[in-house]
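Have a look at the structure below before the remarks.
Numbering (my numbering), first residue to last: 1482 to 1804.
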């Protein structure tokens, strides 16, 4: 351990711009935002970097990319999800700090309270952690409040807390940062009235599953989903997106709208949904907005999925309505 710490520390500097790399699928941007709100002496990257990496954080529940781990074999520590169904070879001389809901995880969460747009939980450090500075974090518990819903955001928070503990950040600073955090594109509220409109950036099936799963944590009347056609992603990922939409359709019985981006023709996603006997509506964005607002009732949730282009259409529409 001390041998690895000496690689990071230099005379006169506590942390000489340590390099943190966040890999995996789902949550990288949110974790990066959480870390950058506190760490001033570290460079945080999404994915692999051409710089020598000191600490790897594996985000999400998806299998991490093997090439990313192989590229970063010099990392002193790895922060990994204890609940994820994956295996990887630990780089030489690396230590692992695991997080998640598993009882055996080093950093875990309990006493979770969901309250519509926010959630509170008790973060439990279940065993001692040796920090990058050579100190030791003893087992402890502290309260964390986040103004963003979703079980997957608790995973993001636990990953971030694990990293911050390794940098000797105190729990008071961690709790304060997470309570003030604003995650654009992560269960972001566009409108909140009789019905609510929520936007989440989605570019792969893993993010989509996390978003749809999180909807089960709160009460709602009906769900209206507005999504892009995902024509610009890998066909195998598009097929998995169709699988996820089908899986949760049987649970929520939601209304599905696919936005016509003007490129012409039927998208492959639509063909995949038809093969699964799923109903959907395909219209230009103006017609989608008009149709949903005519049918949305009290307690309904409108979920916008895809790129920020979709969010901006709806935000602009409601800004015009306010003027």
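Virtual Cβ for every residue (Gly too), placed ideally from N, Cα, C.
The model shown is predicted, which means the values in this text are computed figures rather than measured ones.
Locate the beta strand (DSSP E) running through residue 1736, then write down its first and last residues.
First-last of the beta strand (DSSP E) with residue 1736: 1736-1740.
For residue 1586, which three-state DSSP category applies?
coil
Cβ pair residue 1646, residue 1655 closer than 9 Å:
yes
In whole angstroms, what separates the C-alpha of residue 1564 from that of residue 1598?
Cα to Cα, residue 1564 sits roughly 25 Å from residue 1598.
Could you give the first and the last residue of the continuous alpha helix (DSSP H) run that contains residue 1500?
Note, residue 1500: premise wrong, no alpha helix (DSSP H); beta strand (DSSP E) at 1499-1505.
Cβ-based neighbour list, residue 1666, same chain, cut-off 8 Å, excluding 5 preceding and 5 following:
The beta carbon of residue 1666 sits closer than 8 Å to those of 1510, 1680, 1681, 1682, 1789, 1792, all from its chain and outside the five residues before and after it, given in chain order.
Which of the three DSSP states, helix, strand or coil, is assigned to residue 1717?
helix
Please state whether the Cβ-Cβ distance between residue 1750 and residue 1739 is less than 9 Å.
yes
Classify residue 1545 as helix, strand or coil using the three-state DSSP reduction.
Below a pLDDT of 50, predicted positions are generally treated as unreliable, and residue 1545, at 48, falls in that range; the measurement from the model is reported next regardless. Correct three-state label for residue 1545: coil.
Going by C-alpha to C-alpha distance, which of 1592, 1748, 1612 sits closest to residue 1835?
Lying outside 1482 to 1804, the shown extent of the chain, residue 1835 is not represented and no answer is given.
Can you tell me which residues form a DSSP beta bridge with residue 1600?
1595, 1627
Cβ pair count under 8 Å reaching 3, the stretch 1711-1720 against the stretch 1632-1640:
no
So is residue 1624 buried or exposed if we call it buried at 16+ other beta carbons inside 10 Å?
By the 10 Å Cβ count, residue 1624 comes out exposed.
DSSP-derived helix/strand/coil call for residue 1759
coil
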